[in-house]
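Inspection log for the structure reproduced underneath, given as C-alpha cells.
Number of protein chains: 2
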Amino acid sequence: MENVTIRMLAERLQLSTATISKALNNSHEISEETRQRVLALAAELNYVPNPYASSLRKKASNTIAVVIPEVADSFFAEAINGIEAVAQEKGYHVLIYLSHENCQKEQTILKDFQSGRVDGVLISVTTETTATGLEQLVRDKPVVFFDRVCEEVKAAKITTDDAAAAYRATTHLIAGGCRRIGLLSASRQLSISNKRAEGFQQALLDHQLPLLPNAITYCTNDSAANHQLLKTAFLENDYDGIIATTEKLSTAVYEVCEALQWRIPEDLQVIGFSNLSTARFLHPSLTTITQPAFEMGKAAATLLFRALKSNNFPLQQQQEVIPSSLIARNSTLAKDK
Amino acid sequence: MENVTIRMLAERLQLSTATISKALNNSHEISEETRQRVLALAAELNYVPNPYASSLRKKASNTIAVVIPEVADSFFAEAINGIEAVAQEKGYHVLIYLSHENCQKEQTILKDFQSGRVDGVLISVTTETTATGLEQLVRDKPVVFFDRVCEEVKAAKITTDDAAAAYRATTHLIAGGCRRIGLLSASRQLSISNKRAEGFQQALLDHQLPLLPNAITYCTNDSAANHQLLKTAFLENDYDGIIATTEKLSTAVYEVCEALQWRIPEDLQVIGFSNLSTARFLHPSLTTITQPAFEMGKAAATLLFRALKSNNFPLQQQQEVIPSSLIARNSTLAKDK
DNA sequence: TTTATTTACTTAACCGATTAAGTAACACGG
DNA sequence: CCGTGTTACTTAATCGGTTAAGTAAATAAA
Numbered sequence: 002m003e004n005v006t007i008r009m010l011a012e013r014l015q016l017s018t019a020t021i022s023k024a025l026n027n028s029h030e031i032s033e034e035t036r037q038r039v040l041a042l043a044a045e046l047n048y049v050p051n052p053y054a055s056s057l058r059k060k061a062s063n064t065i066a067v068v069i070p071e072v073a074d075s076f077f078a079e080a081i082n083g084i085e086a087v088a089q090e091k092g093y094h095v096l097i098y099l100s101h102e103n104c105q106k107e108q109t110i111l112k113d114f115q116s117g118r119v120d121g122v123l124i125s126v127t128t129e130t131t132a133t134g135l136e137q138l139v140r141d142k143p144v145v146f147f148d149r150v151c152e153e154v155k156a157a158k159i160t161t162d163d164a165a166a167a168y169r170a171t172t173h174l175i176a177g178g179c180r181r182i183g184l185l186s187a188s189r190q191l192s193i194s195n196k197r198a199e200g201f202q203q204a205l206l207d208h209q210l211p212l213l214p215n216a217i218t219y220c221t222n223d224s225a226a227n228h229q230l231l232k233t234a235f236l237e238n239d240y241d242g243i244i245a246t247t248e249k250l251s252t253a254v255y256e257v258c259e260a261l262q263w264r265i266p267e268d269l270q271v272i273g274f275s276n277l278s279t280a281r282f283l284h285p286s287l288t289t290i291t292q293p294a295f296e297m298g299k300a301a302a303t304l305l306f307r308a309l310k311s312n313n314f315p316l317q318q319q320q321e322v323i324p325s326s327l328i329a330r331n332s333t334l335a336k337d338k
Numbered sequence: 002m003e004n005v006t007i008r009m010l011a012e013r014l015q016l017s018t019a020t021i022s023k024a025l026n027n028s029h030e031i032s033e034e035t036r037q038r039v040l041a042l043a044a045e046l047n048y049v050p051n052p053y054a055s056s057l058r059k060k061a062s063n064t065i066a067v068v069i070p071e072v073a074d075s076f077f078a079e080a081i082n083g084i085e086a087v088a089q090e091k092g093y094h095v096l097i098y099l100s101h102e103n104c105q106k107e108q109t110i111l112k113d114f115q116s117g118r119v120d121g122v123l124i125s126v127t128t129e130t131t132a133t134g135l136e137q138l139v140r141d142k143p144v145v146f147f148d149r150v151c152e153e154v155k156a157a158k159i160t161t162d163d164a165a166a167a168y169r170a171t172t173h174l175i176a177g178g179c180r181r182i183g184l185l186s187a188s189r190q191l192s193i194s195n196k197r198a199e200g201f202q203q204a205l206l207d208h209q210l211p212l213l214p215n216a217i218t219y220c221t222n223d224s225a226a227n228h229q230l231l232k233t234a235f236l237e238n239d240y241d242g243i244i245a246t247t248e249k250l251s252t253a254v255y256e257v258c259e260a261l262q263w264r265i266p267e268d269l270q271v272i273g274f275s276n277l278s279t280a281r282f283l284h285p286s287l288t289t290i291t292q293p294a295f296e297m298g299k300a301a302a303t304l305l306f307r308a309l310k311s312n313n314f315p316l317q318q319q320q321e322v323i324p325s326s327l328i329a330r331n332s333t334l335a336k337d338k
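Top line first, the protein sequences correspond to chains A and B.
Residues in the first sequence are numbered consecutively from 2, following the numbering used here.
Residues in the second sequence are numbered consecutively from 2, following the numbering used here.
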C-alpha cells in the first residue's frame, strides 16, 4: 500500500502532474469535467497531499509555534485552547514547545524557527528571558507575545492590565484591613512581574502605606526552594496580606500557611493571580485576579493569522490589553471590589 | 538577508552540495579538515537546515502528534509535560491536536496523519470514539494510546489500573459507611469508563451491596447539561457516596453539592479521579484517585520512540499498566486506604 | 610495477508538490 | 481568411536537502 502521490493520479488519468495539482487546487485553468475526475480518483485512492513537498515549494508550512514555559498552569492550558481553536478553524497546525522556564532551552527553540518550520510564533517568555534572540526572531517572522511579553522588543503583544490588576488587588487587601502587605513575584526581569510590582507599590503609596523593606519576594522556579523562601519571608515580615502573582505561587501560599499553621484569612489574607477553575472550592476559597486566558490565546492567534494573511499588516505595532477581573472570595476580608 | 542554504555554503567553499550535506551529517566520507571548514562557515552564516526539504527526501519528519480531547485537565497537561520532555530529549517536535471531545474532529485530525506529516502518534480518544479510522492509522504508523484507549484496536497502550482503582475507591466509600453509592461516568463507550464501572460493580458485589438501578450516571461533554443531570440524579437517588471518574466531574460534584446545599462528606462522600495539585486545598479536601500523568506521558512517548528507532519492535503488542493511587482526604470518611 | 583499495570528493537523480512558460485547439471579431 | 483571445492542458524548472553511483588521486597490497 504505497503512498498515493500526485504522480500516481496523473498516470492513472493520463494527465500531467501539473493538471492534477491545479485541479486539486481549484485552478480556473482546469475544466470542470477533468476536475471532477481528479477529485473522484483522489477520493477513491484516499489521496492526501504531502505537506512537506508543498511547504518546501510554497515556503509556507501552515504551521505555527506556541512557546510557553509549561502547560501545567491553567492560564497556559486555557490559552492553548484559545489558540488551537483559531488554528483549527484556519487549517493551521500547532507545534508546542515548552521552555520549562529555562532561558537556554528557549534559545534553542527559537533558533529552530530560523529554519522555516513555522510560519509564525506565539510566545510567552520564561522568567529569565532577555531580548537576545527575540529581536532577530521578530525581524524574521510574524511573532505575537502573549501574557509574558518582552518589553524591550518591539512586537505585537497581548497582555492583561497587569499594573491595574495589582493595584486593585492591593487596594482590595487594604480595604480588608491589611497593613503589612507582601507581593510574591516570579521574576526580576519579566515586565509583567515588574508592572504588577509597580501597581502594588502605587497602591500602597496612594493609600499612605509604607513599602515594607522586604515587601517583594522574588521567587524561583523550584517549588521546594520557594517553599523555604516563603516560609522565611512570612516569618520575618509578619505579613497580614499577600499577593501571589502566579498560580503556582498562589497554591504555594496555601502550602506554607498550612505548614506554619497560619489561618487564611484571619492571620493572612491571600489574593492570587490564577485561572484555576477550582479557586472557589479551595479552603478557604481563593480571591483571584483572573486573566481571560482563552480570550488572550484567541486574540494572539487571531492577530498572528491576520499578519500571515496580508503581509503589509503592521503586526509589530499591535498591542492589546485585555482586562482581568478580581473575584473576591473568602481568602480576603473586603467585600466585593 | 536571504535564507542560507546548503547551496550557498557549497558555492562559498567551492564544494558540491553533496559534500556540504555529508559534512554536516558527519559522514565518514568527508575529511576532517573540510568538515571543520563547513561547520565553521555554517556557524558563521547561521545556517539552519530546512526541515521540510530533509523530511521530503528522508520520508521522516522528526515530529510526533499528540491527540487529546482537551488541555484544560491536569491529567492531560501533565501528560504533555511528560511527552514533551522525552520528545525534546530525542530532538523531536510535538504537534498538538485537540479533538474537543468531538469524534468528527478527531477523524479529520487522524486523516491528516496519512500525509506523512508525523512519524508517530500518541492519542487519548474522545468519549465518543469508535474504532473507525483508528485501525487504519495503527496499520500505517506507530501509534501509542494512553489513558483513554480504544479496546477494539490492537495497539500499544498505556493505562492505569482502572478497574482496580474504581474497586479501591468503592471499597473506600463502603469503609466510610456509604451504602448508596453512585458513579459518574464520562462515556458509555470508552473502555476506561467501562472498566471503572466494572471495578465499581465488582466492589459492590464483593461487599454484598446492591447495585442501585441508577447507580451509574452517564454524563455529557456539556458542563451545564451535566450540572442538571447530576442535580436530578443526586435528588432522585439520595446517594451517600459518589465516585466521579474524571476531573471535570469531580469539580462538578462540588458545584452541585453547593447548589443543593449538600454537605461533603456529611451528606455525600466524594472521591474523584483527578490530578489537581490543589485537591488537598479544596473545601473539603478531595479524596482522589490520582493517575501518574507525567509518567504515563513519558512512558507513552518512550514506547513510541523505541518503535521509531527500530522498526522491528513489536509496538502493537506493548501494554503497560501504571498504577494509580488513592489519596484519602476529607471528602470521604474512611481512614487511609 | 601493476592492481586493488581507500579516501575524498562530484554528479545527478530524487523526494512530491507548485508554477512559470509554452502549446495545441478552438472561438470570435473584423 | 487572418489575427487575437481563450481554454485546457503539458513541459520543465524549482523548493533544499539526501544519497546512489561515479571518479580521480593517493595508498596499500601483490
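Think of the CB as a built atom: it goes at the ideal place given N, C-alpha and C, for glycine as much as any other residue.
- Item | Interface flag, A:Lys-338 vs chain B, CB-CB below 8 Å | Translated into the one-based positions of the first sequence, residue 338 of chain A becomes position 337. With a pLDDT of only 44 at A:Lys-338, under 50, the local geometry of the prediction cannot be trusted, and no value is derived from it.
- With a cut-off of 8 Å, does the C-beta of B:Glu-34 fall near any C-beta of chain A? Here the question's residue 34 of chain B lines up with position 33 in the second sequence. Chain A, which has no Cβ nearer than 8 Å to the Cβ of B:Glu-34, makes this no.
- Among A:Ile-272, A:Ala-132, A:Ala-156 and A:Ala-225, which has the Cα closest to the Cα of A:Gly-177? Residue mapping note: residue 177 of chain A aligns to position 176 of the first sequence, counting from 1. For the residues A:Ile-272, A:Ala-132, A:Ala-156 and A:Ala-225, the minimum Cα distance to A:Gly-177 belongs to A:Ile-272.
- Task: Report yes if the C-beta distance between B:Arg-180 and B:Leu-210 is below 8 Å; otherwise report no.
- Result: Counted from its first residue, the second sequence places residue 180 of chain B at position 179. Counted from its first residue, the second sequence places residue 210 of chain B at position 209. Yes.
- Task: Can you grab the Cα-Cα spacing for the pair A:His-208 / A:Thr-218, in whole Å?
- Result: Here the question's residue 208 of chain A lines up with position 207 in the first sequence. Here the question's residue 218 of chain A lines up with position 217 in the first sequence. For A:His-208 and A:Thr-218, the distance between alpha carbons rounds to 21 Å.
- Query: Do the stretch 184 to 196 of chain A and the stretch 226 to 246 of chain A meet, that is, are 3 or more Cβ pairs less than 8 Å apart?
  - Reply: yes
- Message: Between A:Gln-270 and A:Leu-174, how many whole angstroms is the CB-CB distance? I'm expecting something under 8 Å.
- Response: Residue numbering aside, residue 270 of chain A sits at position 269 when the first sequence is read from its first letter. Residue numbering aside, residue 174 of chain A sits at position 173 when the first sequence is read from its first letter. Confirmed, about 6 Å.
- Residues in its own chain within less than 6 Å of A:Met-9 by CB, not counting five upstream and five downstream? Start at 1 with the first residue of the first sequence, and residue 9 of chain A comes out as number 8. Correct list: empty, nothing qualifies.
- Query: Got a sec? Which residues, its chain only, sit under 6 Å from A:Ala-204 by beta carbon, not counting five neighbours each side?
  - Reply: Translated into positions along the first sequence, residue 204 of chain A becomes position 203. Tyr-168, Thr-171 and Thr-172, listed in sequence order.
- Task: Taking all protein chains shown into account, decide if A:Asn-51 is buried (16 or more other Cβ within 10 angstroms of its Cβ) or exposed.
- Result: The sequence position of residue 51 of chain A within the first sequence is 50, counting from 1. It is buried - the Cβ of A:Asn-51 has at least 16 other Cβ atoms within 10 Å.
- Query: Buried or exposed: B:Ser-32, going by 16 or more other Cβ atoms within 10 Å of its Cβ?
  - Reply: As a first step, residue 32 of chain B is located in the second sequence; it is residue number 31 there, counting from the start. So B:Ser-32 counts as exposed.
- Message: Can you pull out the residues from the stretch 111 to 125 of chain A whose beta carbon lies closer than 9 Å to at least one beta carbon of chain B?
- Response: Lys-112, Asp-113, Phe-114, Gln-115, Ser-116, Gly-117 and Arg-118
- Excluding the five sequence neighbours on either side, which residues of its own chain have a C-beta within less than 7 Å of the C-beta of B:Leu-14, listed in chain order? The residue you call residue 14 of chain B lines up with position 13 of the second sequence. Arg-38, Val-39 and Leu-42, listed in sequence order.
- Name, in chain order, the residues that DSSP records as bridge partners for A:Ser-186. Your numbering for residue 186 of chain A matches position 185 in the first sequence. BP columns for A:Ser-186 point to A:Tyr-219.
- A:Gln-317 - DSSP class collapsed to helix/strand/coil: Reading the first sequence from its first residue, position 316 is the one you call residue 317 of chain A. Of the three classes helix, strand and coil, the one that applies to A:Gln-317 here is helix, per DSSP.
- Query: Which stretch, first to last residue, makes up the beta strand (DSSP E) that contains B:Ser-326?
  - Reply: Residue mapping note: residue 326 of chain B aligns to position 325 of the second sequence, counting from 1. 326 to 328 is the span of the beta strand (DSSP E), which, as asked, contains B:Ser-326.
- Item | With 16 other Cβ atoms within 10 Å as the buried cut-off, status of B:Gln-292 | Along the second sequence, read from residue 1 onward, the residue named residue 292 of chain B stands at position 291. By the neighbour-count rule (16 or more Cβ atoms within 10 Å), B:Gln-292 is buried.
- Three or more beta-carbon pairs under 8 Å between the stretch 323 to 338 of chain A and the stretch 154 to 163 of chain A, yes or no? yes
- Taking 8 Å as the CB-CB cut-off, is A:Pro-285 touching chain B? For the purposes of this step, residue 285 of chain A is taken as residue 284 along the first sequence, with counting starting at 1. Yes, because at least one Cβ of chain B sits closer than 8 Å to the Cβ of A:Pro-285.
- Item | As assigned by DSSP and simplified to three states, the class of A:Thr-64 | Locating residue 64 of chain A in the first sequence gives position 63, counting from the first residue. Three-state DSSP puts A:Thr-64 in a strand.
- Can you name the start and end residues of the alpha helix (DSSP H) that B:Ala-245 belongs to? Here residue 245 of chain B refers to the residue found at position 244 when the second sequence is read from its first residue. From DSSP, B:Ala-245 is part of no alpha helix (DSSP H) but of the beta strand (DSSP E) over 242 to 245.
- Task: Would you kindly work out how many angstroms separate the C-alpha atoms of A:Asp-241 and A:Ile-182, rounded to a whole number?
- Result: Position 240 of the first sequence, counted from the first residue, corresponds to residue 241 of chain A. Position 181 of the first sequence, counted from the first residue, corresponds to residue 182 of chain A. The straight-line gap from Cα to Cα measures roughly 6 Å.
- Kindly say whether A:Ile-97, judged by its beta-carbon, lies nearer than 8 Å to any beta-carbon of chain B. As a first step, residue 97 of chain A is located in the first sequence; it is residue number 96 there, counting from the start. It does: the Cβ of A:Ile-97 has a partner Cβ on chain B nearer than 8 Å.
- Message: Count Cβ pairs between the stretch 78 to 98 of chain B and the stretch 89 to 98 of chain A that sit closer than 8 Å; are there 3 or more?
- Response: yes
- Task: Kindly list the residues whose CB is nearer than 8 Å to the CB of A:Val-72, restricted to its own chain and excluding five residues on each side of it in sequence; keep chain order.
- Result: Position 71 of the first sequence, counted from the first residue, corresponds to residue 72 of chain A. Excluding sequence neighbours, A:Val-72 sits near Ala-78, Ile-81, Ile-97 and Leu-99.
- A:Pro-52 CB to nearest chain B CB: under 8 Å? What you label residue 52 of chain A is simply residue 51 of the first sequence in a count that begins at 1. Yes, contact with chain B.
- Task: Could you check how far apart the C-beta atoms of A:Leu-46 and A:Val-87 are, in whole angstroms? I think they sit under 8 Å.
- Result: In the first sequence, the residue the question calls residue 46 of chain A occupies position 45. In the first sequence, the residue the question calls residue 87 of chain A occupies position 86. About 32 Å separates the two Cβ atoms, so there is no contact after all.
- Query: Can you list the residues of chain A that B:Val-150 reaches, using a CB-CB cut of under 7 Å?
  - Reply: The residue given as residue 150 of chain B occupies position 149 in the second sequence. Within chain A, no residue comes near B:Val-150; the closest Cβ sits about 22 Å away, beyond 7 Å.
- Spatial distance of B:Asn-27 from B:Ser-55 (CA atoms): Residue numbering aside, residue 27 of chain B sits at position 26 when the second sequence is read from its first letter. Residue numbering aside, residue 55 of chain B sits at position 54 when the second sequence is read from its first letter. Cα to Cα, B:Asn-27 sits roughly 16 Å from B:Ser-55.
- Message: I'd like the list of long-range same chain contacts for A:Glu-85, defined as Cβ closer than 7 Å, with 5 residues on each side in sequence excluded.
- Response: Here residue 85 of chain A refers to the residue found at position 84 when the first sequence is read from its first residue. Contacts found: Val-95.
- Query: Using the beta-carbon of each residue, which ones in chain B are nearer than 9 Å to A:His-228?
  - Reply: Residue mapping note: residue 228 of chain A aligns to position 227 of the first sequence, counting from 1. The contacting residues do not exist; A:His-228 stays about 13 Å from chain B at best.
- Mind listing which residues of the stretch 265 to 282 of chain B have their C-beta closer than 7 Å to chain A's C-betas, in chain order? Leu-277, Ser-278, Thr-279 and Phe-282
- Query: To which residues does DSSP link A:Ile-97 through a beta bridge?
  - Reply: As a first step, residue 97 of chain A must be located in the first sequence, where it is residue number 96. Per DSSP, A:Val-67 and B:Val-95.
- Could you name the residues of chain B that A:Tyr-340 contacts, counting a contact when the two beta carbons are closer than 7 Å? Because chain A here runs from 2 to 338, residue 340 of chain A falls outside it and cannot be looked at.
- Query: Between B:Glu-150 and B:Ser-194, which are expected to be in contact by the criterion C-beta below 8 Å, what is the C-beta distance as a whole number of angstroms?
  - Reply: One-based indexing of the second sequence puts residue 150 of chain B at position 149. One-based indexing of the second sequence puts residue 194 of chain B at position 193. The residue you asked about is not Glu; residue 150 of chain B is Val in the sequence shown. Actually they do not touch by this definition, with Cβ atoms about 11 Å apart.
- Host alpha helix (DSSP H) of B:Phe-306 (start-end): On the second sequence, position 305 is the one that residue 306 of chain B refers to. It spans 294 to 310 - the alpha helix (DSSP H) in which B:Phe-306 sits, taken as one unbroken run.
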